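First comes the structure, then the notes that go with it.
Numbering (our numbering), first residue to last: 19 to 185.
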């Protein structure tokens, strides 16, 4: 019995995109661990803690993504060599400045957000509301984290867009 009341064949494209997201999150997670261990400089305390917060969150999402794939009655990708092959995120060197680390994380976020949009697109086509709900929350959270990290990279004299549209 299919307890989800969804067509397995229609779910396959969603599962493929979820597995790619799982791979992306694994490499992103390892990049964060790398930065957490190797951060130096005046922003050490702030970024060491922030990187730990981010990789702890990524670890939870890795488990949730894998469990969503299992819920959809497929096997999640689970080998490092497969993650490295499937991911659009690349492993990075620890020999970066604090601002370069944050810029790298922002690039990783951009890749994750694009992949999440691909997951949602496929999930919409198969009426997979559970996946849409899960990934929608991830998008909101990652956009907020990206905004905060981007603010860290700015000069204190920087300004936000002040254009206001009138109705």
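The beta-carbon is built from N, C-alpha and C at its ideal position, and this holds for glycine as well.
Small disclaimer: the values here were computed from a predicted structure and weren't measured.
Contact check, residue i vs residue j, beta carbons under 8 Å
| i | j | result |
| --- | --- | --- |
| residue 35 | residue 120 | no |
| residue 44 | residue 73 | no |
| residue 107 | residue 129 | yes |
| residue 90 | residue 33 | yes |
| residue 104 | residue 56 | no |
| residue 131 | residue 152 | no |
Cβ neighbour criterion (16 or more within 10 Å) applied to residue i
| i | result |
| --- | --- |
| residue 182 | exposed |
| residue 175 | exposed |
| residue 93 | exposed |
| residue 29 | buried |
| residue 96 | exposed |
| residue 40 | buried |
| residue 42 | buried |
| residue 16 | With the chain covering 19 to 185 only, the question about residue 16 has no answer from this structure. |
| residue 177 | exposed |
| residue 141 | buried |
Whole-number beta carbon distance between residue j and residue i, since they are thought to touch under 8 Å
| i | j | result |
| --- | --- | --- |
| residue 134 | residue 156 | 6 Å |
Check: residue i C-beta below 7 Å from any heavy atom of the ligand MN
| i | result |
| --- | --- |
| residue 111 | Among the components of this structure there are no ligands whatsoever, and the ligand MN is therefore not found. |
Residue ranges of each alpha helix (DSSP H) within the region 74-162, 4 or longer: Taking only runs of at least 4 residues, the alpha helix (DSSP H) segments lying wholly in the region 74-162 are 98-104, 116-143.
Segment contact flag, the region 82-98 with the region 109-119, C-beta cutoff 8 Å, min 3 pairs: Result no; under three Cβ-Cβ pairs closer than 8 Å.
Touching by the beta-carbon criterion (3+ pairs, under 8 Å), the region 57-73 and the region 84-99: No, they do not touch.
At least three beta-carbon pairs within less than 8 Å, the region 138-158 to the region 94-104: Output reads no: the region 94-104 does not touch the region 138-158.
Given 8 Å, three or more beta-carbon pairs between the region 45-53 and the region 21-29: Judged by Cβ distances under 8 Å, the region 45-53 makes no contact with the region 21-29, as fewer than three pairs qualify.
Every unbroken beta strand (DSSP E) inside the region 29-74 [3 residues or more]: Segments of the beta strand (DSSP E) lying fully in the region 29-74: there are none.
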